[in-house]
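Residue numbers (our numbering), protein chains in the order written: chain A, 440 to 732; chain B, 5 to 596.
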């Protein structure tokens, strides 16, 4: 009974895992190869303003005409009020959002994990102060803090990355520190010390590799949040500057047209955000199930 | 084996199988006679626990009885309905499991738990059941049972909870009691008390017992007959004396070589007045782990450090390598004061003092292969060039008789016994003069224990290695050490040659400890010895220690002075020191 139950569960789990991995790979693929995939320059307006997308039923024939007859590529997702191709911009925005989310996470993992190892290994007034600072940072609402930080530092993608790294680093710090605290008590750390390894060597060769697991799992989950935050900041106008294609700012510019019935400039980037965040969240979940406790 | 009329339970052709695996038990035949105590033994995975549960008509999740019958009291247990089985279980067959605290309900008074079981099975009234509970608690040696029966589990000590469990199991006068490793993880004195109670109670009530255990000491001391399982088959079904004489004997060695060393030289290691406390979080109080320990160890000598859990043995061991900083006291190794050195000098010195830890699985980095773990120390100390390293590692592994194929494996792929030998090999890479072994055998099966001890004895003769063997297992210490240091609550209470400590213990605590030791010898069964020395009550808390002798509250010979005055370790005879002001006066007590 119990065996078959487990198998069903793991099979369903497998499908979900594949969906997550599929979405993430697609997103990464689009981010890397977007210049070769998009039919229009994402920052160059066309003469077709607020053009609705062709009906779905017409897509196959339009597609065929483009390939076979060399007729101009249709605006698959329509164009916005400025005449920019929504399809090209949605694809190109994958690159913007992923780069920002990834770099912010990489920076915060580096900061968070190293501070986590230090604060778990050496427990003194300085590391205590560090922890309280991290607590303080985490007690503010992420979105508001990010907005203020970016507003103060200026709207550039480097500043967005830095602001987000600062906000996410405490997560990795806490996770790593918990692991390090448990690891310090393990016999093999004491054995290494007895065998003459220096404290730095122990931290590098034993503590760090054994403590980093949960952070890597968290990494995948946090990327999803980071994408959401990037888009959110742009939506309220505290993110990357238009016309750089970015999902959040696309939704924001499309939103003004929404009352006129032009749904397409906002809908497609919206779908893109939801699917990508979902994909990363699923991957994080899968990693946690497989490698976490 | 047993006469038909007296047979309580007999199993014929019993087989148990886990889904889609090889059968765990195949064709088991056994008989248990009334009042008999049968030891059920075998290495881990041999199916002993599965068999014990199957005798109750129980299987673990996923397992299934695939054949055979169990005849108990005229019924086939395997043919009974669940409802009928429930009536038999608890009334006629009782079970004692490993962890007493989790087996008792935390929200009911213990007396009520006993009376409820009794009521359910015996259709008795409430008052009768309550009286029965109190009577049972008295029978298992609980003082003031009327009051204790109103206690909850968390108000009882571990040893007492276990006795409640016996009372619970035996309250319905079952014909058969099954105990699944009831004493694993207990200190020797508590273990002996528990087994004594179980033995005496079962003798009194005429209950037959199946005792699942791996300990040869328990088999020799408490069992009439031993059934050994091997891979799901009955390998042996013999009397306890026949079973034990087939296994090993204790050895004592002549300390003559060490004797010479002692007279001519300074000790290799000298510890004076060592003290170590640990602060309790959130309070100003401290836990006194080590309190005034002095000992010395000569080159080539092997010393055993014994005592129950919480006596501070491991803390002493860790202080010797300066893995813990001592609060006070002086540790000198080969003339060098450990307190004065640090950094590079300390790391160099630690090459000469090595440690082997308790849990072999925890003492290796789980991510590293064995080869990497063994190579790392060689690289650190530049002991061997990469080309020579392999040879050095192989030499070290062959010293502990481990095959070289382990090198590519990870710790989790190896058995505890092999891994512990690799841990010794890792320590030997440093070519140490002195080895601290911190409970090296406590996580191992008895067979692996013997291998480790043989390795140690061999290393002593081959390399002249001296070691401090920290252990609560007196059998290990008796066979592998020249001298024994006995610790109680952070103090050394007695030091002397192994033979003296084991045969002529002086200190009341040592006497109790040695008395609780279950020798693997069916000729000297503990239950048949008359001169048993048991300590009363529980170990005092190391947070609020008594002013005078730490044993005074539990000692039968204590006087007023014992409660008030701090005692010191004084020579009793040459090489034999005792911490007791009343040495030599106990006989007076016994005479009066």
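Where a beta carbon is used, it is the ideal one built from N, C-alpha and C, also for glycine.
Taking a cut of 8 Å between CB atoms, which residues from the segment 628-651 of chain A lie near chain B? 629, 630, 631, 632, 633, 634, 635, 636, 637, 640, 644, 645, 648, 649
Inter-residue Cα distance where the pair is residue 124 (chain B) and residue 140 (chain B): For the purposes of this step, residue 124 (chain B) is identified with residue 120 of the second chain, where counting begins at 1. For the purposes of this step, residue 140 (chain B) is identified with residue 136 of the second chain, where counting begins at 1. Whole-angstrom Cα-Cα distance: 16 Å.
Cut-off 6 Å between Cβ atoms - residues of its own chain near residue 166 (chain B), not counting five sequence neighbours on either side: As a working note, residue 166 (chain B) is residue 162 in the second chain. Closer than 6 Å at the Cβ level, and outside the excluded window around residue 166 (chain B), lie 104, 198.
Residue(s) in a DSSP beta bridge with residue 289 (chain B): As a first step, residue 289 (chain B) must be located in the second chain, where it is residue number 285. Looking at the DSSP assignment, residue 289 (chain B) forms no beta bridge with any residue, so it has no partner.
Should the segment 516-530 of chain A be regarded as contacting the segment 579-593 of chain A, the criterion being three or more beta carbon pairs within less than 8 Å? no
Could you list the residues in the segment 610-628 of chain A with a C-beta less than 8 Å from some C-beta on chain B, going in chain order? 625, 626, 627
DSSP three-state label for residue 717 (chain A), please. Against the first chain, residue 717 (chain A) aligns to sequence position 278. Here residue 717 (chain A) sits in helix by DSSP.
Nearest chain A C-beta to residue 367 (chain B) closer than 8 Å, yes or no? Position 363 of the second chain, counting from 1, holds the residue named residue 367 (chain B). Judged by the 8 Å Cβ criterion, residue 367 (chain B) is in contact with chain A.
Residue range of the unbroken alpha helix (DSSP H) whose run includes residue 434 (chain B): In the second chain, residue 434 (chain B) corresponds to position 430, counting from 1. No alpha helix (DSSP H) holds residue 434 (chain B); DSSP gives it neither H nor E.
Determine the direct distance from the alpha carbon of residue 185 (chain B) to that of residue 478 (chain B), and round the result to whole angstroms. Start at 1 with the first residue of the second chain, and residue 478 (chain B) comes out as number 474. Start at 1 with the first residue of the second chain, and residue 185 (chain B) comes out as number 181. Roughly 19 Å separates the two Cα atoms.
Taking Cβ to Cβ, would you say residue 439 (chain B) is nearer than 8 Å to residue 403 (chain B)? Within the second chain, numbered from 1, the residue matching residue 439 (chain B) stands at position 435. Within the second chain, numbered from 1, the residue matching residue 403 (chain B) stands at position 399. No, Cβ-Cβ distance for residue 439 (chain B) and residue 403 (chain B) is not below 8 Å.
Answer yes or no: does any C-beta atom of chain A fall closer than 8 Å to that of residue 476 (chain B)? Position 472 of the second chain, counted from the start, is the residue given in the question as residue 476 (chain B). Judged by the 8 Å Cβ criterion, residue 476 (chain B) is not in contact with chain A.
Within 10 Å of its beta-carbon, does residue 348 (chain B) have 16 or more other beta-carbons around it, so buried, or fewer, so exposed? Here residue 348 (chain B) corresponds to residue number 344 of the second chain, with the count starting at 1. By the neighbour-count rule (16 or more Cβ atoms within 10 Å), residue 348 (chain B) is not buried but exposed.
For a quick check, are the C-beta atoms of residue 554 (chain A) and residue 576 (chain A) less than 8 Å apart? Working through the first chain from its first residue, we reach residue 554 (chain A) at position 115. Working through the first chain from its first residue, we reach residue 576 (chain A) at position 137. It is not a contact, given that the beta carbons lie outside the stated cut-off.
Can you pull the chain A neighbours of residue 473 (chain B), defined as C-beta to C-beta under 9 Å? Here residue 473 (chain B) is taken as the residue at index 469 of the second chain, counted from 1. Those do not exist, as residue 473 (chain B) stays about 17 Å from chain A at its closest Cβ, beyond 9 Å.
Can you confirm whether residue 260 (chain B), when its beta carbon is compared against all beta carbons of chain A, has any partner nearer than 8 Å? Against the second chain, residue 260 (chain B) aligns to sequence position 256. Low confidence applies here, because residue 260 (chain B) scores a pLDDT of 49, under 50, leaving its location unreliable; read the following figure in that light. It does not: the Cβ of residue 260 (chain B) has no partner Cβ on chain A nearer than 8 Å.
Candidates B:497, B:130, B:51, B:405: which alpha carbon is nearest residue 570 (chain B)'s? Numbered from its first residue, the second chain carries residue 570 (chain B) at position 566. Considering only alpha carbons, the answer is B:497.
So within the segment 45-116 of chain B, which uninterrupted beta strand (DSSP E) runs reach at least 3 residues, ignoring any that extend past its ends? 67-76, 97-100
Which term fits residue 472 (chain A), buried or exposed, when burial requires 16 or more other beta carbons within 10 angstroms of its beta carbon? Here residue 472 (chain A) is taken as the residue at index 33 of the first chain, counted from 1. Residue 472 (chain A) comes out exposed.
So for residue 635 (chain A), helix, strand or coil by DSSP? For this step, residue 635 (chain A) is matched to residue 196 along the first chain. Coil.
Can you pull the chain A neighbours of residue 358 (chain B), defined as C-beta to C-beta under 7 Å? By one-based count along the second chain, residue 358 (chain B) stands at place 354. Ordered by position in chain A, the residues that pass the 7 Å Cβ test against residue 358 (chain B) are 633.
Between the segment 309-318 of chain B and the segment 459-478 of chain B, can you find at least three pairs of beta-carbon atoms closer than 8 Å? yes
How many Å lie between residue 615 (chain B) and residue 385 (chain B) at the Cα? Absent from the structure is residue 615 (chain B), since the part of chain B shown begins at 5 and ends at 596.
Consider the Cβ of residue 361 (chain B): report whether some Cβ of chain A lies at a distance smaller than 8 Å. Taking the second chain and counting its residues from 1, the one referred to as residue 361 (chain B) is at position 357. Closer than 8 Å: yes.
Among A:722, A:501, A:695, A:559, the one whose alpha carbon lies nearest that of residue 642 (chain A): Working through the first chain from its first residue, we reach residue 642 (chain A) at position 203. Nearest C-alpha to residue 642 (chain A): A:559.
State the Cα-Cα distance for the pair residue 46 (chain B) and residue 52 (chain B), rounded to the nearest angstrom. Position 42 of the second chain holds residue 46 (chain B). Position 48 of the second chain holds residue 52 (chain B). Cα to Cα, the separation comes out at about 7 Å.
Can you give me, in chain order, the residues of the segment 315-347 of chain B that have a beta carbon less than 8 Å from any beta carbon in chain A? 322, 325, 327
Could you tell me the alpha carbon to alpha carbon distance between residue 98 (chain B) and residue 192 (chain B), rounded to whole angstroms? For the purposes of this step, residue 98 (chain B) is identified with residue 94 of the second chain, where counting begins at 1. For the purposes of this step, residue 192 (chain B) is identified with residue 188 of the second chain, where counting begins at 1. For residue 98 (chain B) and residue 192 (chain B), the distance between alpha carbons rounds to 25 Å.
Three or more C-beta pairs closer than 8 Å, one from the segment 613-625 of chain A and one from the segment 643-655 of chain A: is that the case here? yes
What residues from chain A crowd round residue 384 (chain B), counting only those whose CB sits closer than 7 Å? Within the second chain, numbered from 1, the residue matching residue 384 (chain B) stands at position 380. By Cβ distance, chain A contributes 634, 635, 636.
Rounded separation between residue 116 (chain B) and residue 61 (chain B) - CA only: Counted from its first residue, the second chain places residue 116 (chain B) at position 112. Counted from its first residue, the second chain places residue 61 (chain B) at position 57. Cα-Cα distance, rounded: 27 Å.
Limits of the unbroken beta strand (DSSP E) element including residue 279 (chain B): In the second chain, the residue the question calls residue 279 (chain B) occupies position 275. Taken as a continuous stretch (DSSP letters only), the beta strand (DSSP E) holding residue 279 (chain B) covers 273-283.
Return the chain-ordered list of same chain residues with a C-beta closer than 8 Å to the C-beta of residue 484 (chain A), the five sequence neighbours on each side being excluded. Stepping through the first chain from its first residue, residue 484 (chain A) is reached at position 45. Answer for residue 484 (chain A): 521, 522, 523, listed in chain order.
Is the beta carbon of residue 722 (chain A) less than 8 Å from the beta carbon of residue 459 (chain A)? For the purposes of this step, residue 722 (chain A) is taken as residue 283 along the first chain, with counting starting at 1. For the purposes of this step, residue 459 (chain A) is taken as residue 20 along the first chain, with counting starting at 1. Contact flag set, yes.
Can you tell me whether residue 561 (chain A) is buried or exposed, with buried defined as 16 or more other CB within 10 angstroms of its CB? The count along the first chain starts at 1 and reaches residue 561 (chain A) at position 122. Burial call: exposed.
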